[in-house]
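One structure below.
There are 4 protein chains.
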Amino acid sequence: MPKTKAAIIGASGYTGEELVRLMSRHPSLELAAVTSRQHAGKRAADIYPYLRPPQDLVFSNPSLAELPALAEVFFLALPHGESMHHAAPLLEAGRTVIDLSADFRIKDRERYRQYYKEEAPAEEWLQRAVYGSPETNASALQGAKLVACPGCYPTSVLLALAPALMRGWVRPDSVVVNALSGTSGAGRKADVSLLFSECNESVKPYGVGTHRHVPEIEQELSRVSGAAVIVQFTPHLLPITRGMLSSVVAAPSGALPSQQEVDAAYAEFCSTRPFVRYCAGELPEIRRVVQTNRCDVAARVDTRTGRLLFFSVIDNLTKGASGQALQCWNLIAGRDETEGLPL
Amino acid sequence: MPKTKAAIIGASGYTGEELVRLMSRHPSLELAAVTSRQHAGKRAADIYPYLRPPQDLVFSNPSLAELPALAEVFFLALPHGESMHHAAPLLEAGRTVIDLSADFRIKDRERYRQYYKEEAPAEEWLQRAVYGSPETNASALQGAKLVACPGCYPTSVLLALAPALMRGWVRPDSVVVNALSGTSGAGRKADVSLLFSECNESVKPYGVGTHRHVPEIEQELSRVSGAAVIVQFTPHLLPITRGMLSSVVAAPSGALPSQQEVDAAYAEFCSTRPFVRYCAGELPEIRRVVQTNRCDVAARVDTRTGRLLFFSVIDNLTKGASGQALQCWNLIAGRDETEGLPL
Amino acid sequence: MPKTKAAIIGASGYTGEELVRLMSRHPSLELAAVTSRQHAGKRAADIYPYLRPPQDLVFSNPSLAELPALAEVFFLALPHGESMHHAAPLLEAGRTVIDLSADFRIKDRERYRQYYKEEAPAEEWLQRAVYGSPETNASALQGAKLVACPGCYPTSVLLALAPALMRGWVRPDSVVVNALSGTSGAGRKADVSLLFSECNESVKPYGVGTHRHVPEIEQELSRVSGAAVIVQFTPHLLPITRGMLSSVVAAPSGALPSQQEVDAAYAEFCSTRPFVRYCAGELPEIRRVVQTNRCDVAARVDTRTGRLLFFSVIDNLTKGASGQALQCWNLIAGRDETEGLPL
Amino acid sequence: MPKTKAAIIGASGYTGEELVRLMSRHPSLELAAVTSRQHAGKRAADIYPYLRPPQDLVFSNPSLAELPALAEVFFLALPHGESMHHAAPLLEAGRTVIDLSADFRIKDRERYRQYYKEEAPAEEWLQRAVYGSPETNASALQGAKLVACPGCYPTSVLLALAPALMRGWVRPDSVVVNALSGTSGAGRKADVSLLFSECNESVKPYGVGTHRHVPEIEQELSRVSGAAVIVQFTPHLLPITRGMLSSVVAAPSGALPSQQEVDAAYAEFCSTRPFVRYCAGELPEIRRVVQTNRCDVAARVDTRTGRLLFFSVIDNLTKGASGQALQCWNLIAGRDETEGLPL
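Protein chains in written order, with the numbering used here: chain P, 1 to 343; chain D, 344 to 686; chain R, 687 to 1029; chain C, 1030 to 1372.
Right under this line is the structure:
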């Protein structure tokens, strides 16, 4: 069977590099083009020699008009605010767009403006964009032309809570999320605050009350639960390269479910989601999922305090970005969800 | 002025080693004896050559009856359950005991039994023990004969919340603590789960709902606030050697105070506590306090969610253990609180 | 095509775990049995849930007599001194044995005794054992029944030097090796010196002049060069989990070759070794090979000092142990060398 | 006794920050001025709040003409090429200059030009500059007006070898140095290659054959040995923040000395150098010297290979830069060498 030609737009960052790595092993995609302003004209094999991309693949820097001819499916690994401009000509030319930026994630234009300090994309495209959460939105992904891949924090929080939200167990105004992310989540930016000497042997909270993933987390928890969820979200920067952990505390909406009920709900959820693993006897650890597309989750009932606790771990570059983008592609193309992805 | 002779009982672990380090620079204490079953008979200068202890100091393993003759003040760096047996003969001989274990911390015998699976010490000593929190219990420490040094997590949570609790701003049943600790907090134990290869590039929650610091945190937050505080406490193991961060979320008991009121309350609290620094414009980072006896705290009002957020960082071996023990000694002896301690 | 049944003997350590991981993806091997004294009776899916081994696979602790019935090919991940006793009954029963310990590596019985403080295996088996270096000993591996897989340090040093040794460029008594290893190389041992708090933020030399890999390195460099090589070998423990770097300095045996000659020799060597990559323009970095079976090498001519410099990096658990063991299997079985291995 | 007024010129980097930290505890120096283009006009207490500098100290950006009025002694923490221009007016005004850059280190103008791609300072000042190695050049430091503080690698190599060089034990053309440095040695630069995600879980060699510390190392080893030493120097970047290890191999110039002779030579050397500690029974570890001004060294005789091995560890920011600068000041001022420095 011939492979589908794929292009990675903006392939110089960590998510772009991870896309190159994963696509080189993918059975139904052929890496036909990589673009980068920074690397334009250089061979991919010189920039990422350890990934052994095709010897003749060269970074290009095409105009928007030249983009559609490059491939059939486009993975946009661009900063927010840029993706929307690249997506428009591709969509109009009938191409499939899988966007890893935030541009098409937030349905509420006002909230997008508030948190991202920019105008959202055209309403038409915003409404057609499918939120690329394979575990909670699989049917919408089949045959989708425009996918808004979830952020890393939203992915980890959504998968930690989804089974409980689906059963209405969580009081919508009670969700407290403490999240921890490795430094690759901040991107390959020449920024003093991301230096090894600044991050090592330390942890710090950041973006308290203002992090851009707040509207996305609330939108998606609300979608899955059917109620307007408000989250108290506190992210922290960890001295690890890859990986993310979310620790969530919530009050029950009614009677506290038993641990057995919770275990059963999560086991059922996981039984049809190959990338989600429920930790019944152990607690999730970041290192167990690094370099995989898996999300390990746990849920615990604290009868002493009457609260529910949820934990999840992912690799922020794989399940939190590039791996999930390929998982979305598998669903778009009607193929096996796990194809070409590290379990 | 002659120095007071001090003994470190159980000097082979991380807190014992840190006591050796700090005492070597302390202007009013002379390290007169170190004990260790493991190292008995060896010179301290051979075990800790980089600390340059007195050349003729040798680890001993004295009987309980021999203990009181060793020194005037005793720092017990023993596992819980052992300290109480060493403290009794020392107290009866009129010696001063600064205990770094949990034995004398919990006033409620039933809770001690429940969390520590042992009987608490004799009621008489339990009632005489002073909780060694210099920032919230300074007057009780003056001239104290038996001090129960706080645990590391309780220290970090108490200092994060104390100014808010003192003003009655925190709803007692709403406190959610996510805490992160470096691996030295688990001690120098030959345990596979503490190996570099097991802890590195990872984070994991542990002791969820059962951690032994829960009764101590609740006891002390309740003492300072005058109300029965219940905490949701989730500790995590971090891939760093030293350092601890607590991220706390709480609902207000009444009207949400303003950020200005909160800033003022914390600034006032810190103005008379030389080891507590309020971060008004920044957020606390673990690396800023490592190798110091300081606690950096921040408090933030989230008007969107109507909640209060608190952060604190300490070095778990210094302010969380050995440094605080020496700070207690300074107060017992009526000397300057900061004497001999790294700021 | 039916898969070959494989057993992992001693599957509780890091190399055993890595074998489980790699074998689960291997196209021609079926993981039929795992043994471990420590885990006997437990399901592999409970010990390594994140690896998702076959649900019904249970750790066993068979007698030596029961071993041969377990599988057709046996990977021994046992401490040195134990492997030889397990290998004997397997070899007599006609099974294929791929031994990851040092037992069959050293042909000189006296040197084995000197460095390992034990008797070497029976001379007959010692002579039949094939040193499992796919890049320098491929033809001997075809159809081999007993393979002595190389140690991690010997693998990294041998691949760094092989092309230069083959051309006789290196003066045999001039080789100085400084090597750096991640902590997983020391195994999953409950040893205080391997705790996170002891290894982190530090590096230390160890085994200076006495490391057990010295006779193996000298034997193999001598084999490849045809001259009696003596190495000055200094290993160091690094604060990383996986990965190894060797920095080698040597004097030329005759005229100093040019950088162009060296580049050409290494490029030629790599052209037929899919797991060795020559870094012409860059220098090797450990992170580029972690989780792969690759060895990245570089060679540089220092005309100022008149010396040759060599560098190599591997993942000590993959190319340095379990991945290389599977690469040996591929060659034994006459299959593609790269089958089932991460490039 | 009144303190001497000191200024730190270029106080925004890691060595400048470390100078602020150390000077705040120094008994004979008063931090009177800090300069920084980047921070000009900001309060030091806002930039380094955790260091608690004087509340009213403000970063300035003075002209060269304004410099001399700021203080009596000047610590220049500037990039090479800039220091010489700042030093000139200060020296002409009779001020004392302690320069942490490379500008005044290299006596051979041609070698400076070759490695630094710039012209060396005026010959007059170059000849007056005293190389600030307190352990090998103490007498020259007394009353010095211009000190060229050693680089971090040269310090670690010189102290590892000095006792052996002084006895003529080392063959001058045989010195092979493998050195490892934490990332703070590269400075606080917004450079992608220094990001946490790029340095973590990795080690890489760099500057092979071209590192700027080569001429300095060779000059100083030659000075101490009285013979023209050539070094093979290979530095590597380590995933730690602070700390440096040098592993040195050398051939003996004549008969191999015995381990006892070597131990005695090093013990004698250390007996009058309070910051150098000889490791007789152990091997040096980086973590033992971090945050101290100490250098731990070891020397070993390998009778099998007939070579000498040397090891040393320092904190690159303390003994490798700012701590040593203050040690130089103590000697200039005729005070106790250890005053105000962490042992």
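All residues carry an ideal CB built from backbone N, CA and C; glycine is no exception.
Of the residues the options, the one placed nearest residue i, counting alpha carbons only
i	options	result
ALA598 (chain D)	D:CYS492, D:ARG510, D:VAL518	D:ARG510
ALA774 (chain R)	R:ILE926, R:THR896, R:TRP811	R:TRP811
ARG650 (chain D)	D:ALA593, D:ARG438, D:CYS542	D:ALA593
PRO154 (chain P)	P:PRO121, P:ALA280, P:PRO53, P:THR234	P:THR234
THR378 (chain D)	D:VAL363, D:PRO617, D:PRO370	D:VAL363
ILE926 (chain R)	R:VAL962, R:PRO820, R:CYS885	R:CYS885
PRO150 (chain P)	P:LEU221, P:LEU165, P:ALA45, P:ARG273	P:LEU221
VAL170 (chain P)	P:GLN259, P:ASP302, P:PRO252	P:PRO252
ASN1359 (chain C)	C:GLY1045, C:MET1273, C:MET1052, C:ALA1296	C:MET1052
THR358 (chain D)	D:GLY528, D:ILE560, D:ILE573	D:GLY528
VAL416 (chain D)	D:ILE441, D:SER568, D:GLU544, D:ALA664	D:ILE441
Closer than 8 Å to chain D by CB, residue i
i	result
LEU1285 (chain C)	no
GLU66 (chain P)	no
THR318 (chain P)	no
ARG1196 (chain C)	no
GLY243 (chain P)	yes
GLN1320 (chain C)	yes
Own chain residues within Cβ distance below 7 Å of residue i, not counting five before or after
i	result
LEU655 (chain R)	The requested residue 655 (chain R) is not part of the displayed model; chain R covers only 687 to 1029.
ARG898 (chain R)	ALA788, TYR801, TYR802
ALA376 (chain D)	ALA350, SER403, LEU413, ALA414
ALA267 (chain P)	TYR278
Closer than 8 Å at the beta carbon, the chain R residues around residue i
i	result
GLU1314 (chain C)	SER888, VAL889, LYS890
Cβ of residue i within 8 Å of any chain C Cβ
i	result
TYR393 (chain D)	yes
GLN945 (chain R)	no
GLN398 (chain D)	no
Amino acids of chain C, ordered along the chain, whose beta-carbon sits closer than 7 Å to that of residue i
i	result
ASP191 (chain P)	ALA1219
Proximal residues of chain P, C-beta to C-beta of residue i below 8 Å
i	result
SER590 (chain D)	ASN178, PRO205, THR234, HIS236
PRO685 (chain D)	Correct list: empty, because the minimum Cβ distance to chain P is about 16 Å.
Contact with chain P by residue i, beta-carbon distance below 8 Å
i	result
CYS1181 (chain C)	no
SER498 (chain D)	First, the amino acid is wrong: residue 498 (chain D) is Thr here, not Ser. So, not an interface residue.
LEU1224 (chain C)	yes
ILE657 (chain D)	no
Neighbouring residues, chain P, relative to residue i (Cβ below 9 Å)
i	result
ARG986 (chain R)	Correct list: empty, because the minimum Cβ distance to chain P is about 17 Å.
Chain R contact residues for residue i, given Cβ-Cβ distances below 7 Å
i	result
PHE1340 (chain C)	PRO891
Chain R contact for residue i (CB, 8 Å cutoff)
i	result
ARG1072 (chain C)	no
THR1212 (chain C)	no
ILE1259 (chain C)	yes
ARG273 (chain P)	no
Residue i: contacting residues in chain R (beta-carbon distance under 9 Å)
i	result
PRO582 (chain D)	PHE882, ASN886
Spatial neighbours of residue i in its chain, beta-carbon cut-off 6 Å, leaving aside the 5 residues before and after
i	result
LEU931 (chain R)	LEU866, ILE972, VAL999
PRO205 (chain P)	THR234, HIS236
Contact list for residue i against chain C, beta-carbon separation under 9 Å
i	result
ARG364 (chain D)	Per Cβ cutoff of 9 Å: no residues; ARG364 (chain D) is ~11 Å from chain C at best.
Listed by chain order, chain C residues near residue i by CB distance under 8 Å
i	result
GLN457 (chain D)	Neighbours of GLN457 (chain D) on chain C: none; closest Cβ ~39 Å, over 8 Å.
Spatial neighbours of residue i in its chain, beta-carbon cut-off 8 Å, leaving aside the 5 residues before and after
i	result
PRO1244 (chain C)	ILE1135, ASP1137, ARG1140, TYR1141, GLN1143, TYR1144
task = Within the stretch 175–203 of chain P, note down every full alpha helix (DSSP H) run reaching 4 residues or more, in order along the chain.
result = 196–199
query = Where in the stretch 470–517 of chain D do unbroken runs of the beta strand (DSSP E), each at least 3 residues long, occur, reported from the N-terminal end onward?
reply = 489–491
ask   = Quick one: complete beta strand (DSSP E) runs, 3+ long, within the stretch 67–103 of chain P?
value = 73–76, 96–99
3 or more residues per run - each beta strand (DSSP E) lying fully within the stretch 637–663 of chain D = 638–645, 650–657
3 or more residues per run - each beta strand (DSSP E) lying fully within the stretch 590–643 of chain D = 619–621
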